[in-house]
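Asks: The following block contains the structure, expressed as structure tokens.
There are 2 protein chains.
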Amino acid sequence: MYTQDQLHEKISNALDALPIHGEPIGLYEPISYTLNQSGKRIRPLFVLVANQIFGGDPVEALPAATAIEIFHNFTLLHDDIIDQAPLRRGYETVYRKWNTNVAILSGDTMFAIAYGELSKSKPELLPSLMQLFSKTAIEVCEGQQYDIDYELQQHVGLKEYINMIRLKTAVLLAASLKIGAMTAGASEENSEKIYKFGIAMGIAFQLQDDLLDSYGNQAIFGKKTGGDIAINKKTVLFIKAIEKSSDTIRLKLERLYKVNNLPVDEKVSKVMSIFDTLGVKESTEELIQSYFNEACHILDSINIPNEMRAMLTDIASNMIKRVR
Amino acid sequence: MYTQDQLHEKISNALDALPIHGEPIGLYEPISYTLNQSGKRIRPLFVLVANQIFGGDPVEALPAATAIEIFHNFTLLHDDIIDQAPLRRGYETVYRKWNTNVAILSGDTMFAIAYGELSKSKPELLPSLMQLFSKTAIEVCEGQQYDIDYELQQHVGLKEYINMIRLKTAVLLAASLKIGAMTAGASEENSEKIYKFGIAMGIAFQLQDDLLDSYGNQAIFGKKTGGDIAINKKTVLFIKAIEKSSDTIRLKLERLYKVNNLPVDEKVSKVMSIFDTLGVKESTEELIQSYFNEACHILDSINIPNEMRAMLTDIASNMIKRVR
């Protein structure tokens, strides 16, 4: 059994060996730049861990793990253009460091490289791997589109919001686990279970991210809290607040999410005070806990050795608790 | 044996049956909009014709043909952002009709859909089909990057230019043919030959496109001639002119390609007059003919029934002669 560190090393080595240092330099430099920022690499780790859990040889899952990580990074390149994000993992985003055209084209190339890596998987698995990979890629795009749509939409319900983060965040984590299971020859039933575990974990993870943006410990979280409020992002906190508020408070909150002439700190503190009054933090924590419990419940139903389950629970808990 | 019209109909039906009419509408509307503009659909036709030439059943090549067409259209969505093109096939480009973010995200989705279609090919062929498809996609991006680079580069040689159009245009046509051959179970040797035929044809096709932009019959060509000159695009005509000119003429030409305060018509006519003096039209025609001859020579070396060869020669000739 490989430890997490050993699996991480395998991923790093596979990424280092990619043919992404050639010409034209203008195309490949942003790709190396992106893939060299190590990040958490949680998705390829999920692939290898799930493979190991079901008795596979993680080395055989490496092409798929690499493909998932390259694909994920490709989506970041394009998302950063769309969201006009200046920084990613503490580095300037590609579209800022170079320009939009570079980020588009280098991103496209990464998508093609990802599929090229996936094609090195066991031939007999390719049809099902490709179908899941493509379905997932399409869903991630759908999630990003809903996210864009919701920015302009007056009312976003909790169900819609959960569906959006399921698509934008959870399906790729879930697919990583399922792909790992598939490469180990796991049963259809178990592959489906680990996928559902991933969906629940992914949703919990994103909700936690929303929570931390307002209630995180700034020193550990690594960025100023209140960022989502400052840009009027309708996260789960806002949606919960609207759900729980009286007409008067709702109008006040909606106005605060439109007004742009208030100093940012004042706006954030006014919104936070409404959140506090309504107990938004607590009810979001409850929601996160319910998805986390669902995930654990699914995991318990899979018949795997205890030390394997422990490894997955460990990674999952770290994902959720990472900055509290 | 299917006629070209029958094969075209199969392609249309396959594209019409794609699951691209769902939600979110903001994502799928631009995709339907793009794929509904029929275009020439030369690439999927190449897939099916090559399949038929080597004794296959074109129906089995349809998923790959569809994948190629979707991929090609995806590249157009992103290229139009990069080139700031207002029109495509007489319609407003996606990034103009909607916006850049829409064109990025809908394009990405098309790329994923393309691979999803490809995955429906015969399982035993998938590894080699995916590898060729991914290699080609990467090369198309490399070609686009060289094209961007050459706009800023002072001197571009003919060899560099040919390599750029090989990557940007020819490899996808060549891969279409090779994929068609592979789906019919053609030998490695014949698959490679039809690929090389496609490369030569693709280069001839792009050179012809350059020629027509300046020397085409405006009524048939469907757009005003001189467009490339107006935007200082270093096409094969410019490169040939630089090659053939004295120092004085070269400086004059280079200055004309920098100056932006001249009325467009005057600039175009001055450049054209230099082209005429240098015999650029004739030497470009010779170059096109040499690639066309190379293509025919390769095609002749493939042992296939005469009526099959005739069909491919017919499509190829139409591509080259289409607007003279």
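One line per chain: the protein sequences are C and B, in this order. Plus 31 on top of the position in the first sequence (first one is 1) and you've got this note's numbering. Plus 31 on top of the position in the second sequence (first one is 1) and you've got this note's numbering. Heads up, the beta-carbon is just placed ideally off N, CA and C, and yes, glycines get one too. In this text the structure is predicted, and so the values were computed from the model without any measurement.
Please report whether the beta-carbon of residue 327 (chain C) lies at a distance below 9 angstroms from any beta-carbon of chain B.
Replies: With 9 angstroms as the cut-off, residue 327 (chain C) does not count as an interface residue toward chain B.
Asks: Which partner residues of residue 370 (chain C) appear in the DSSP bridge assignment?
Replies: The requested residue 370 (chain C) is not part of the displayed model; chain C covers only 32 to 355.
Asks: Rounded to whole angstroms, what is the Cα-Cα separation between residue 224 (chain B) and residue 165 (chain B)?
Replies: Whole-angstrom Cα-Cα distance: 20 angstroms.
Asks: May I ask you to report which of helix, strand or coil DSSP gives residue 71 (chain C)?
Replies: Residue state, collapsed to three classes: coil.
Asks: Are the beta-carbon atoms of residue 298 (chain C) and residue 306 (chain C) separated by less than 9 angstroms?
Replies: Contact flag unset, no.
Asks: Buried or exposed for residue 229 (chain C), please, with buried defined as at least 16 other CB atoms from any protein chain shown within 10 angstroms of its CB.
Replies: Its Cβ being crowded by 16 or more others within 10 Å, residue 229 (chain C) is buried.
Asks: Nearest chain B C-beta to residue 355 (chain C) closer than 9 angstroms, yes or no?
Replies: Any reading at residue 355 (chain C) is ruled out, since the residue's pLDDT is 42, under 50, leaving its predicted position unreliable.
Asks: Quick check: what's the CA-CA separation for residue 258 (chain C) versus residue 315 (chain C)?
Replies: One C-alpha to the other measures close to 18 angstroms.
Asks: Assuming residue 242 (chain B) contacts residue 268 (chain B) under a Cβ cut-off of 8 angstroms, what Cβ separation, rounded to an integer in Å, is found between them?
Replies: About 7 angstroms separates the two Cβ atoms, so the contact holds.
Asks: Determine whether the Cβ of residue 268 (chain B) lies closer than 9 angstroms to any Cβ atom of chain C.
Replies: No, no contact with chain C.
Asks: Can you name the start and end residues of the alpha helix (DSSP H) that residue 271 (chain B) belongs to?
Replies: It spans 267-275 - the alpha helix (DSSP H) in which residue 271 (chain B) sits, taken as one unbroken run.
Asks: Count the other CB atoms, across all protein chains shown, that sit within 10 Å of the CB of residue 140 (chain B); report buried if there are 16 or more and exposed otherwise.
Replies: Counting Cβ neighbours within 10 Å, residue 140 (chain B) comes out buried, since at least 16 surround it.
Asks: Which residues in the same chain as residue 162 (chain B) place their Cβ atom closer than 7 angstroms to its Cβ, once the five residues preceding and following it in sequence are excluded?
Replies: If we look at residue 162 (chain B) and ignore the five residues flanking it on each side, it has no Cβ neighbours.
Asks: Determine contact between the segment 343-354 of chain C and the segment 66-82 of chain C, defined as no fewer than three beta-carbon pairs at a distance below 8 angstroms.
Replies: Touching, yes, given that three or more Cβ pairs across the two stretches are closer than 8 angstroms.
Asks: Does residue 186 (chain C) get closer than 9 angstroms to chain B when you measure Cβ to Cβ?
Replies: Not closer than 9 angstroms to any Cβ of chain B, the Cβ of residue 186 (chain C) fails to qualify, so no.
Asks: How would you call residue 185 (chain B), buried or exposed, if buried means at least 16 neighbouring beta carbons within 10 angstroms?
Replies: With fewer than 16 Cβ atoms within 10 Å of its Cβ, residue 185 (chain B) is classed as exposed.
Asks: Answer yes or no: does any C-beta atom of chain C fall closer than 9 angstroms to that of residue 216 (chain B)?
Replies: Not one chain C Cβ lies under 9 angstroms of residue 216 (chain B).
Asks: When we look at the beta-carbon of residue 122 (chain B) and count the other beta-carbons within 10 Å, is it buried (16 or more) or exposed?
Replies: Under this definition residue 122 (chain B) is an exposed residue.
Asks: Just checking: is the beta-carbon of residue 52 (chain C) within a distance shorter than 9 angstroms of some beta-carbon in chain B?
Replies: Cβ-Cβ to chain B under 9 angstroms: no for residue 52 (chain C).
Asks: With 16 as the cutoff for other CB atoms within 10 Å, does residue 90 (chain B) come out buried or exposed?
Replies: Its Cβ having fewer than 16 others within 10 Å, residue 90 (chain B) is exposed.
Asks: Indicate whether the contact test is met: 3 or more Cβ pairs, each with one atom in the segment 153-162 of chain B and one in the segment 145-154 of chain C, closer than 8 angstroms.
Replies: Touching, yes.
Asks: Tell me, to the nearest whole angstrom, how far the beta carbon of residue 99 (chain B) is from that of residue 221 (chain B); I am working on the premise that it is less than 8 angstroms.
Replies: So it is not a contact: roughly 19 angstroms between Cβ atoms.
Asks: Exposed or buried, what is residue 294 (chain B) when buried is set at 16 or more other beta-carbons lying within 10 Å of its beta-carbon?
Replies: Exposed, because fewer than 16 other Cβ atoms sit within 10 Å of the Cβ of residue 294 (chain B).
Asks: Am I right that residue 170 (chain B) and residue 133 (chain B) are in contact with their C-beta atoms under 8 angstroms? What's the rounded C-beta distance?
Replies: No, residue 170 (chain B) and residue 133 (chain B) are not in contact; Cβ-Cβ is about 27 angstroms, not under 8 angstroms.
Asks: Return the CA-CA distance between residue 317 (chain B) and residue 231 (chain B), expressed in angstroms with no decimal places.
Replies: So the alpha carbons of these two residues sit roughly 14 angstroms apart.
Asks: State the Cα-Cα distance for the pair residue 291 (chain C) and residue 279 (chain C), rounded to the nearest angstrom.
Replies: One C-alpha to the other measures close to 20 angstroms.
Asks: Taking the C-alpha atoms as reference points, what is the distance between residue 319 (chain C) and residue 288 (chain C)?
Replies: So the two alpha carbons sit approximately 24 angstroms from each other.
Asks: State the Cα-Cα distance for the pair residue 143 (chain B) and residue 168 (chain C), rounded to the nearest angstrom.
Replies: The alpha-carbon atoms of residue 143 (chain B) and residue 168 (chain C) are separated by roughly 6 angstroms.
Asks: Can you name, in chain order, every residue of its own chain whose Cβ lies under 6 angstroms from the Cβ of residue 355 (chain C), other than the five neighbours on each side?
Replies: With a pLDDT of only 42 at residue 355 (chain C), under the threshold of 50, the placement of this residue in the model should not be trusted; the figure read from the coordinates follows. Counting only Cβ-Cβ distances below 6 angstroms, and skipping sequence neighbours, we find nothing.
Asks: Kindly say whether residue 166 (chain C), judged by its beta-carbon, lies nearer than 9 angstroms to any beta-carbon of chain B.
Replies: Residue 166 (chain C) counts as touching chain B.
Asks: Chain B partners of residue 132 (chain C), CB-CB under 8 angstroms?
Replies: The answer, in chain order, is 112, 113 and 179.
Asks: Please report the residue range of the alpha helix (DSSP H) in which residue 100 (chain C) lies.
Replies: Residue 100 (chain C) -> alpha helix (DSSP H) spans 89-114.
Asks: Check whether the Cβ of residue 146 (chain C) lies closer than 9 angstroms to any Cβ atom in chain B.
Replies: Cβ-Cβ to chain B under 9 angstroms: yes for residue 146 (chain C).
Asks: Which residues, in order along the segment 60-77 of chain C, keep a beta-carbon less than 7 angstroms from a beta-carbon of chain B?
Replies: Within the segment 60-77 of chain C, no residue qualifies.
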